[in-house]
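Enquirer:
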Amino acid sequence: LRQSSHGLLFFLLSLLQFNPLLAYSLKSCTVTSPDNTTEVWVGCSDQGLAAVPDDVPRNATSLDLSSNHIVMINSGDFNSLSKLRYLHMKTNWISGVDDGAFGDLSELLELEMDKNNFTKLSDNMFHGLWKLTILSLEENQITHVSPRALQSLISLKTVRLNYNQLQTVEIRTILQLPNLQELFLEFNILTSFQTNNLQVNTSNLRTLSIGHNYIQRFSITTDIFPHLQSVHLSGPSGLKWDVPNSTFLRSLTVLDLHMVDVSCDTFVRMLQSTESLQTLALTAMTNRRVLAALVGISCRNRVVTSLDLSENGFVTIADTLLRSCSQLTELDLSFNDLQDMSDLALTSLKQLRCLELNNNYLKTVPRAIRGLSTLEIFNLSFNFISELTCSDFLNLTRLTELHLDQNRISVVDGCVFQDLKNLRVLNISGNAVRKLVDFFKVNSKKLEVLDLSGNFLIVLKQGDFRNLPSLRYLDLQSGKYYPANNGAFEGLNGLKTLIVTPFMHNVMNFTGMPQLENLKLLVTFSLKSSYDNPEPPFTHLPSLKNLIIEKYDGQYDMSADFLKGLKCLENFRADRFFSLFQPIPNLQALDLSNNKLRSLDFLIWANLSALRQLTLRHNELTVINETVLQSLPALTYLDLFGNPFSCDCSNAGFIQWVISNNQTQVVNAHQYDCAFPLSKKGTKLLDFDVQSCWMDVSFLCFISSTCLVVLTLLSSFIYHFLRWQLAYGFYLFLAFLYDSRKKKKGTPHQFDAFVSYNVHDEAWVYREMLPVLEEEQGWRLCLHHRDFQPGKPIMENITDAIYGSRKTICVISRHYLQSEWCSREIQMASFRLFDEHKDVLILLFLEEIPTQQLSPYYRMRKTVKRRTYLSWPQAGQHTGVFWQNVRRALETGDGPTDNNLLTGPADS
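FYI, in mature numbering (1 follows the signal peptide of the UniProt record, and there is no 0) the residues of the sequence shown are -23 to -1, 1 to 885.
#1: Just to confirm the assignment: which complete beta strand (DSSP E) runs, minimum length 3, are found wholly within the region 550 to 616?
#2: So which of Leu469, Ile695, Gly20, Pro11 has the shortest CA-CA distance to Asn645?
#3: Who are the near neighbours of residue 946 in its chain, counting only those whose CB is closer than 6 Å to its CB and skipping five residues on each side?
#4: With burial defined as no fewer than 16 other Cβ atoms inside 10 Å of the residue's Cβ, what is the status of Gly188: buried or exposed?
#5: With distances taken between CB atoms, is the gap from Ile47 to Ala78 smaller than 9 Å?
#6: Which residues in the same chain have their Cβ closer than 6 Å to the Cβ of Phe164, if we skip the five residues on either side of it in sequence?
#7: Kindly indicate the opening and closing residues of the beta strand (DSSP E) around Ile819.
#8: Among all the DSSP beta bridges, which residues are the ones paired with Gly73?
#9: Short of 7 Å in beta carbon distance, which residues of its chain neighbour Leu564, apart from the five on each side in sequence? Order them along the chain.
#10: Assign Glu115 to one of two classes, buried (16 or more other C-beta atoms within 10 Å of its C-beta) or exposed (fewer than that).
#11: Determine the closest residue to Leu61 out of Val17, Asn69, Met90, with distance taken between C-alpha atoms.
#12: Going by DSSP, name the residue or residues bridged to Arg137.
#13: Put Leu867 into one of helix, strand or coil per three-state DSSP.
#14: Would you mind working out which of Ile601, Asn620, Pro654 sits nearest Gln633, comparing C-alpha positions?
#15: State the Cα-Cα distance for the pair Arg449 and Leu381, rounded to the nearest angstrom.
#16: Buried or exposed for Gln642, going by 16 or more other Cβ atoms inside 10 Å?
#17: Under a three-way DSSP split, which group does Ser681 fall into?
#18: Let me confirm a value: Met837 is counted as buried when at least 16 other C-beta atoms fall within 10 Å, else exposed. Which label applies?
#19: Assess, as a yes-or-no matter, whether the region 160 to 178 is touched by the region 122 to 130 under the definition of 3 or more beta carbon pairs within less than 8 Å.
#20: Do Trp741 and Leu867 come within 9 Å of each other at the CB atom, strictly closer than that value?
#21: For the alpha helix (DSSP H) holding Gln633, just list the boundary residues, first then last.
#22: Excluding the five sequence neighbours on either side, which residues of its own chain have a C-beta within less than 8 Å of the C-beta of Ile386, listed in chain order?
#23: Please report the straight-line C-alpha distance between Ser520 and Leu352, rounded to a whole angstrom.
#24: Suppose contacts are defined by Cβ-Cβ distances below 9 Å. Is Ala258 in contact with Asp233 by that definition?
#25: Could you tell me which of Asn222, His761, Asp816 sits nearest to Thr776, measuring between CA atoms?
#26: Going by beta-carbon coordinates alone, are Leu82 and Leu112 separated by less than 9 Å?
#27: Which of the three DSSP states is assigned to Cys392 in this structure?
#28: Could you tell me the distance, in whole angstroms, from the CA atom of Thr282 to the CA atom of Arg265?
#29: Where in the region 366 to 446 do unbroken runs of the beta strand (DSSP E), each at least 3 residues long, occur, reported from the N-terminal end onward?
#30: Which residue's Cα is closest to the Cα of Gly853: Thr184, Glu824, Asn470?
#31: Assuming Cys787 is part of the beta strand (DSSP E), what are its boundary residues?
#32: According to DSSP, is Gly20 helix, strand or coil?
#33: What ranges does the alpha helix (DSSP H) occupy inside the region 206 to 268, keeping only unbroken runs of at least 4 residues that lie completely in it?
#34: Check whether the Cβ atoms of Phe170 and Arg137 sit closer than 9 Å, and answer yes or no.
#35: Buried or exposed for Cys759, please, with buried defined as at least 16 other CB atoms from any protein chain shown within 10 angstroms of its CB.
#36: Quick one: using the 10 Å Cβ neighbour count with 16 as the cut-off for buried, is Thr38 buried or exposed?
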């Protein structure tokens, strides 16, 4: 279908989806698998690789390493790739291959190493490639082929060595390959091709291309090419053709002579030795007079049916040039300088089926074609035709393909094509068409492809395409918007693919196309439901499977119901727009690249349960929420390249998912760059240490909570069971510190007892205690109001008084228990008690105080000493006995004693 079919193929390929292979997120490669096949394609091209990557899946069947910086193929580079069948290493810097480096590639069929730095093919270079059928080494600097270099390639059928430095002698080894069918040696430095120098008995060669060399002699004097079908030659003038027996080239059907200036006699010998010749190319000839003679000679050879006269600089075609060519079925006059043709130039071509007039300077359709009733393919593209008339294609009733693209046509009238009843392909793209006049008169029931892209359509009218029931492909792409009236696509019941540029806010009326499967919209403005047609735009497209929306500039907003009704949609790609998704249960591929997306949360509610491929390249995504990925259970292919990722703990879950998931391939994940924070800019996303996130959050929380629980339990246990013992140890330590300081001084006791009391009990001390203990019994007592040294810190006075007295008498009352200084005094006395293990503490209770109200210091004394105490209330009227007991306590030694001399009852 030529160029229009190429456009259709390109469009369908853009919609073609692959089954990404499971469990691979390779460092520099992408893995895909075509639908319904076992093929595994690994693409590593243009990744800046200096060596073959070591993470290529073992089940790979195709590996592309093109456009990298590989300089050497080493042993072991392809170990374990036993299923590989296609290996492409074009455009690298490879200069050598280790012997046996391809040894594991026993299934390899095609090896491409064009545009490298090879200078020779050495022994055992291709050892192990028993099944190789295609070897391409174009555009290297190969000067030598070792006799054993290709010896092991017993299955090789095609060798491409164009653009090297090979001489004639080097092709002997190549032609000895037993199954060789195609040999391409263009742009080398061959000077001759002679069978007597080849040392070959017989060859299976079908195609020999040795053009653009310096061949002066072409000689086949033995019957070693019984299957040769095509020869391409070019070279200097004076080429000598030596094929003495026509049976030597009995299978030759194609002879291509490019820039070969031969005499008519030599040309006649060529034709005489190629009796089966069908296709003849005489291109880029410099001598126009000789060329005309050669055309006449070739046309008189009734076997030639296809004649190529391109690139010869013809300005016009006279009526005599092709007069003898009545047997021609194909004629190529492209890439000339044609401005005109004689009306009779093609009169004799009664069997012509294909005519190529593209890439010339024609301003009108030549009248010479009007009598070509057998013409099936007519190419007028890339000319300067500005107008088509209703008689231009009269009587071309067998025409199936018409190419008028890249001209200057401004109006297309339906009458122009009214005789083309068998037309299947019509290409009018790249013109200046503004309107279709009575286009419904085309009336070609068999037209399948119509390409009107790249024009300047003003409007599509109702019924413009109604007489095209077989149309399958319609391309109306334009750089400028245009309206489509209601019913513009009426009658296109069989249309499968539509490419269209909608008009402004009007979504167009997509009705009348019940079988439409592929739709591509090129949007110039916001696309929403119109006021006249408020329903969602694709409601009447029940078969739509593939939808592509591209926007030329600006951002695109869609209504929430935009995709409503697309029950069969499988693949959706949209550029520079954002939508609130409706559930699309059958969607398998989604491409939202270049949409400035900052979040993917909208996908959670889209019910994309069948989605396998998700492409989100070049958006503004910084953090990927794992919940989104969990909402896509069938996802096997994810492409997020070109997003400004944040390399911190907010992406830790996503990074861990990329590394560990066994279902989804994250394409080029190892190439994702960090954009935030600035300190991480320039590093790779997968290089971020996610373990630091788990340590900082989860692990630390676990350790902290565990320690807190243990500490709480331990504190409760100590409080209930060991609090007094612990306090005892603490006070013992403090007493040790105080006593150590006093012992160093060696000061003798100045007082018999230090009296610790509260100011509220001072009257009792002076009224009851002092007269008895000092005056009657003669003890030296230390009282703080009387004996403390003025100006010295209080605590220091208390310490000196306690350690400067043999005993400490604590006069305890409720006021005493509430006094801070009294509390410190009894603490200090207790410290001394614990340290010296001496009976230095005497407790006098002025009131009856329950045990539970005593502070730990008083309870501690009972706990440690387990002895009774002196109680003034219990003395009653027997105060004399009370003071005698105090005297006995003061008289006792400092050592521990268990004598129960006191009047109070024991309290344990």
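Virtual Cβ for every residue (Gly too), placed ideally from N, Cα, C.
Expert: Taking the coordinates as given:
#1: Runs found: 566 to 568, 590 to 592, 614 to 616.
#2: Gly20
#3: No information on residue 946 is available, as it lies outside the stretch -23 to 885 that the chain covers here.
#4: Around the C-beta of Gly188, 16 or more other C-beta atoms lie within 10 Å, and the residue is accordingly described as buried.
#5: no
#6: Asn139, Tyr140, His189
#7: For Ile819, the enclosing beta strand (DSSP E) begins and ends at 818 to 822.
#8: Beta-bridge pairing links Gly73 to Met49.
#9: Leu546, Glu547, Phe549, Leu585, Ala587, Leu588
#10: Buried, by the Cβ-count rule.
#11: Taking each of Val17, Asn69, Met90 in turn and checking the Cα distance to Leu61, the smallest one comes out for Val17.
#12: Ser113, Phe161
#13: Looking at Leu867 - three-state DSSP - the assignment turns out to be helix.
#14: Ile601
#15: 19 Å
#16: Only buried fits Gln642, as 16 or more other CB atoms lie within 10 angstroms of its CB.
#17: If DSSP states are grouped into helix, strand and coil, Ser681 belongs with the helices.
#18: With a pLDDT of 45 at Met837, under the threshold of 50, the modelled position of this residue cannot be trusted, and the question is left open.
#19: no
#20: One thing to note: Leu867 has its Cβ no nearer than 9 Å to the Cβ of Trp741.
#21: 629 to 637
#22: Ile362, Ser363, Glu364, Leu365, Ile405, Asn408, Ala409, Val410
#23: 37 Å
#24: Taking C-beta atoms as the reference points, Ala258 and Asp233 count as a pair closer than 9 Å.
#25: His761
#26: Cβ distance not < 9 Å, so Leu82 and Leu112 don't count as in contact.
#27: helix
#28: 22 Å
#29: 378 to 380, 388 to 390, 402 to 404, 412 to 414, 426 to 428
#30: Glu824
#31: Residues 782 to 789.
#32: strand
#33: 241 to 249
#34: no
#35: By the neighbour-count definition (other C-beta atoms within 10 Å, threshold 16), Cys759 is a buried residue.
#36: buried
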